[in-house]
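Enquirer:
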Amino acid sequence: MSSHSRADLFGLVSHNLPRWLVISVVIVTLLLLVAHPLGWILWNSVHDDTTQKLSLVNYRRIFSSASLWVPIVNSLIVAFSVAFFSTLIGVPLAWLVSRTDMPGRGLVRAMTMTAFVTPSFIGALGWILLAAPRAGWLNVGWQNLTSSDWPLFDIYTMTGTIFVCSIYTVPYTFSLVASAFDEMAVELEDAATTLGAGKWRTMLTITIPLARPAFLVGFILSFIQGMTLFGVPAFLLTPSGTRVVTTQLAEFYQLFPPEIFLAAAYCMPLLVVTGGLFWVRRRLLGRRQFVTIGGKSLRTRRIELGARARWVGFVFAMIVPVTAVFLPFAALILVSLSKAWGMGPSLDNFTLDWYRWALWENGETQRAMINSLVYAGLAATLGMILGTVVAFISERKLFSGAAILGALATMPIIIPGIVLSVGFFSAYTRPPFGFYGTSMLVIIAFVATFLPIAYSQATTTIKGISADLERAARSVGAGEIRAFLSITAPLMRTGLISGWLLVFIPIMRELSVVIFLVSPQTNVMTTLIYNYKDGGNYEAVAATSVVLLAGTLVIVLLARLFVGQGSRRTRKIQTMEENS
Amino acid sequence: MSGIRIKELSKSFGNFQALRNLTLDLEDGQLLALLGPSGCGKSTTLQMLAGFEMPTSGEIWTGDRLLSSPTSVIPPEKRGASLVFQNYAVWPHMTVADNVAFGLKVKRLSRNDVREGTMAALNAVRLGPLADRYPSEMSGGQQQRIALARALAVQPEILLLDEPLSNLDAALRDEMRFEIRRVHDEMGITTVYVTHDQSEALVTADRIAVMKDGELQQFDSPTEVFERPKNEFVAGFIGKNNIVPGVSAGKSAIRIGDRVIRGQDTNDVSEGGGAILAIRPTKTRLHDGNSLPAGLENGLPATVIRSAYLGETRDILAELTTGTTMRVMVPPEQQPAPGDQVMLELPADQCRIMAKG
């Protein structure tokens, strides 16, 4: 390129005008979505709130105030414990499900995935109903049994928070490690077996070491999860006055006037930790996104555990289904059907009033349901379109430096939701935008947050489509855009649909990224539940939560049916490509 | 008219020079084969002809139209050059007919014209009856014919074929190369055919450009390339050749050990300079004993090392006194055994003498 003069470059651009138009629009969009909010956080963090002058006063306040230090330490404690426990549970769980003849493997897998799609703050709600010190049913039952005055559990503690965060983080570790076990080539193990190694020896010397990167990556992801969760600590720690970084950030916004500049500086520790950990993860995985150890066949040899060990394994494997799904779901459903939580589950206490209220009588819940569906639908669509175009530009290297676009689109993955929320608030509620309270603000925040998922899905899909298919179209006279729309886009269809669902589902359960951005008119289900919980009407909150959970699960099930069929078709096309 | 003129075309990728100063002239309606081992620059040349790569220097012209130069490249869709890919690149989500019709629809032809053009192209490659099938239901050879029909349907000025047969099995490959030549003869489209297979090039091409390491080695008709290779590389690459090193012994002569062999010079080698002699195993003759029968010349004494019976011929490997081995195809009646002393006769009109590679 360097040898071309400016006029030559102009000649090149004018030959490909549509291409450069699209590229320019994409660059501007990415800058607005990602760089702009982040830029404001940086700018705000180094400026004085009152004088608007460059200053480190915000950082000085954080470093000099013990009350601002404590939440950071608390966050680190929670994050480390969550990573520790979810690895401790997730790794053996993955091994049991993927590599042994433990009974109930399908059930455990399904329930762990159910825990995965459950918003963890709703899980926290369920556990409040079960283990709040006075009214929690487990405590009431315990006190009735033992006539003791002391509650068995207190969920409003660090321990309670770590417990709830961990059980909802296990699915991350589990799915990473399980897919490493699932996709490991059976030949690698057979090679050891033919050399005389027994099954257990093979497991210890071949299988587990090969899956080790997945353990580490699982640990890192759980750490980030523990560090960035907002809903669970807000529900479980705020009542006792204990704060973590995310809840402290929320507090800055609830002050009057809100401490936006201080909040920006306070985001930095979170950003540094998540950014650093993602960097480590990248080093561990190299450029691979997933931990796979390739091989031809996907058969697996299962270890026979023996009659007793099978059931010991089963009991262990049921920890997550019971604590993350059965118990909290049961509590939420029973409370939502009760006149009053405190009266306990009984026939006298039964009522459908809360559902009638949530679904028919209350305008707020109706509006929030519609908002959730519409915003998630629009944001998933816009996100997939943007992600696809970026993936296409950077995969096909449409200009030198195209990879930078991919990096920009991936960047939100390292930004905790609550930090993005801070950034979007600063960037888009002031002139010239003034989007505060608009649906637009909520939607673009969702798009930015989940752009990395959309982008990586689209990249995977495009990698499966040979560039020759587009070149063939161009050589018979189709322009670049026509070739993309007639050839590439239709071939990407199934991949894009499953990508769309992978964006849609997490948007439905997302709380932290929009917590500062919604107004009463733009509330979504998650923010509404969060706000109602402050009102203390647990029966209504439970009913609303059950509606959200049921809705999400139905969508996931439909998606599985739909994408399951689609992926068969994709496979057919892909095998064709390989053969040709 | 749409011949192709390539002028001093070069292409570098970073520090790697893929193509150096290629100059070629192809007349309208001719079929050119770009032939060479992988990495020789033939595919890079084709990608530049198709407009997917930009030259580092040099120009590509068709008639009086400048297609490519370092400052301007007419985009692929506006060149009138259809490309057929090694991996077929047929679109799996379209029927055979839709694949072929695509280029005609892009041209906004009427429905009737699209239908007629499609059927004509499909009939040209004998796929008419399969128009409504999906490509995934068809064999590799049929898929490659879809790709060919798709490229032909738009009536391109230039047809570009990028190793179109190398994914097919041997029997199909034999059949398809005649098919490509037949279609070319019927339509008379100027064609550039990239291949690493010399027999494909010999069968299909009017002109062959042999390439190596980004440089043109020889640009000639198939007969010339086969019978009068210009240098050691071409002699070794096209067909089987014995390459025997020696020293130039004046015009049209080479000294091998203590013998002087007469032949035909293909380039001038100064006396005493390193030279090689190239002769095909089928043209070499073998005589028993230590001397040639009376009246024959150009003999080299040798020892038989290996004798293999191939049915129609016998494949003999013999070692010269200089240590060089030569292969000789003899009639099966001749039965020299390993260890036998023989005389190899190299008929002067079959010997090519050229500078050492």
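The listed protein sequences derive, respectively, from chains A and B. Anchor point for the first sequence: position 282 equals 282 in this note's numbering, and the numbering is continuous, going up by one each time. Anchor point for the second sequence: position 328 equals 328 in this note's numbering, and the numbering is continuous, going up by one each time. Glycine is no exception: its CB is placed at the ideal position from the N, C-alpha and C atoms. Note that this is a predicted model, so its numbers are computed, not measured.
Compare the C-beta of residue 75(B) against all C-beta atoms of chain A and say whether one is closer than 8 Å.
Expert: Taking Cβ atoms only, chain A reaches closer than 8 Å to residue 75(B), which makes this a yes.
Enquirer: Check each candidate in 228(A), 504(A), 303(A) and name the one with the smallest Cα separation from residue 204(A).
Expert: Nearest option by C-alpha distance: 303(A).
Enquirer: Considering only DSSP beta bridges, list what residue 301(B) is partnered with.
Expert: Looking at the DSSP assignment, residue 301(B) forms a beta bridge with 343(B).
Enquirer: Indicate whether residue 383(A) and residue 451(A) have their beta-carbon atoms separated by less than 8 Å.
Expert: Yes, Cβ-Cβ distance for residue 383(A) and residue 451(A) is below 8 Å.
Enquirer: Compare the Cα-Cα distances from residue 326(A) to each of 64(A), 562(A), 112(A) and report the closest residue.
Expert: Nearest of 64(A), 562(A), 112(A) to residue 326(A), Cα basis: 112(A).
Enquirer: Check residue 230(A) in the structure and name its three-state DSSP category.
Expert: Three-state result, residue 230(A): coil.
Enquirer: Would you say residue 485(A) reaches chain B, if we count a Cβ-Cβ gap shorter than 8 Å as a contact?
Expert: Residue 485(A) does not count as touching chain B.
Enquirer: Would you call residue 25(A) buried or exposed, if buried means 16 or more other Cβ atoms sit within 10 Å of its Cβ?
Expert: Counting Cβ neighbours within 10 Å, residue 25(A) comes out exposed, since fewer than 16 surround it.
Enquirer: Using a Cβ-Cβ cut-off of 8 Å, state whether residue 21(B) counts as contacting chain A.
Expert: Chain A contact via Cβ: absent.
Enquirer: Give me the subset of the segment 47-60 of chain B whose CB atoms are less than 7 Å from a CB atom of chain A, sorted by chain position.
Expert: Listed by position along the chain: 50, 52.
Enquirer: Would residue 93(B) count as contacting chain A if we go by Cβ distances under 8 Å?
Expert: It does; some Cβ of chain A falls within 8 Å.
Enquirer: Given a cut-off of 8 Å, decide if residue 123(A) and residue 59(A) are closer than it, judged by their beta-carbon atoms.
Expert: No; because the gap between Cβ atoms is not below 8 Å, this pair is not in contact.
Enquirer: Between the alpha carbons of residue 82(B) and residue 178(B), how many angstroms are there, rounded?
Expert: The alpha-carbon atoms of residue 82(B) and residue 178(B) are separated by roughly 20 Å.
Enquirer: Once DSSP output is grouped into helix, strand and coil, what is the label at residue 559(A)?
Expert: Of the three classes helix, strand and coil, the one that applies to residue 559(A) here is helix, per DSSP.
Enquirer: Just to check my reading of the structure: residue 555(A) and residue 505(A) have Cβ atoms closer than 8 Å, yes? What is that Cβ distance to the nearest angstrom?
Expert: The Cβ separation is near 7 Å, so the contact holds.
Enquirer: Would you call the segment 211-224 of chain A and the segment 71-82 of chain A in contact, with 3 or more CB pairs under 8 Å?
Expert: Counting Cβ pairs under 8 Å, three or more are found: they touch.
Enquirer: Using only the alpha-carbon positions, how far apart do residue 470(A) and residue 194(B) sit?
Expert: So the alpha carbons of these two residues sit roughly 20 Å apart.
Enquirer: If you count every other CB in all the chains shown that lies within 10 Å of the CB of residue 87(B), and 16 or more means buried, which is it?
Expert: Residue 87(B) comes out buried.
Enquirer: Need the endpoints of the beta strand (DSSP E) that residue 245(B) sits in, please.
Expert: From DSSP, the beta strand (DSSP E) with residue 245(B) extends over 242-248.
Enquirer: To which residues of the same chain is residue 148(B) closer than 6 Å at the C-beta, ignoring the five residues directly before and after it?
Expert: Correct list, in chain order: 84, 125.
Enquirer: In the structure shown, what three-state DSSP assignment does residue 4(B) receive?
Expert: If DSSP states are grouped into helix, strand and coil, residue 4(B) belongs with the strands.
Enquirer: Candidates 184(B), 96(B), 289(B): which alpha carbon is nearest residue 138(B)'s?
Expert: Residue 138(B) has its Cα closest to that of 96(B), out of 184(B), 96(B), 289(B).
Enquirer: Quick one: does residue 18(A) have its CB under 8 Å from some CB of chain B?
Expert: No, because no Cβ of chain B sits closer than 8 Å to the Cβ of residue 18(A).
Enquirer: By DSSP, does residue 23(B) sit in helix, in strand, or in coil?
Expert: Three-state DSSP puts residue 23(B) in a strand.
Enquirer: To the nearest whole angstrom, what separates the beta carbons of residue 162(A) and residue 78(A), a pair I think is in contact under 8 Å?
Expert: So it is a contact: roughly 6 Å between Cβ atoms.
Enquirer: Which bits of chain A does residue 130(B) rub up against, with CB to CB less than 9 Å?
Expert: Result: empty, since nearest Cβ-Cβ is about 16 Å, beyond 9 Å.
Enquirer: Closer than 7 Å by C-beta to residue 127(B): which residues in its own chain qualify, once you throw out the five before and the five after it? Chain order, please.
Expert: The residues are 96, 142, 145, 146, 149.
Enquirer: Identify the continuous beta strand (DSSP E) that holds residue 285(B) and give its terminal residues.
Expert: It spans 285-288 - the beta strand (DSSP E) in which residue 285(B) sits, taken as one unbroken run.
Enquirer: Helix, strand or coil: how does DSSP classify residue 258(B) here?
Expert: Looking at residue 258(B) - three-state DSSP - the assignment turns out to be coil, as it is neither helix nor strand.
Enquirer: Taking the Cβ atom as the reference point for each residue, do residue 73(B) and residue 41(B) lie within a distance shorter than 8 Å?
Expert: Not in contact: residue 73(B) and residue 41(B) (Cβ atoms no closer than 8 Å).
Enquirer: Considering just the uninterrupted stretch of the alpha helix (DSSP H) at residue 65(B), what are its terminal residues?
Expert: No alpha helix (DSSP H) holds residue 65(B); the beta strand (DSSP E) holding it covers 65-68.
Enquirer: Apart from the five residues on each side of it in sequence, which residues of its chain come closer than 8 Å, Cβ to Cβ, to residue 198(B)?
Expert: Contacts found: 35, 237, 238, 239.
Enquirer: Whole angstroms is fine: what's the gap from residue 296(A)'s alpha carbon to residue 313(A)'s?
Expert: Bear in mind that a pLDDT of 42 at residue 296(A), under 50, signals an unreliable position, so the model cannot answer this.
Enquirer: Give the interface partners of residue 348(B) over in chain A, defined as CB-CB distance under 8 Å, in chain order.
Expert: The premise fails here: residue 348(B) is roughly 49 Å from chain A at the closest Cβ pair, so nothing lies under 8 Å.
Enquirer: Can you check DSSP and say which residues form a bridge with residue 100(A)?
Expert: DSSP output for residue 100(A) lists 303(A) as bridge partner(s).
Enquirer: Can a CB atom of chain B be found closer than 8 Å to the CB of residue 514(A)?
Expert: By this cut-off, residue 514(A) is not an interface position.
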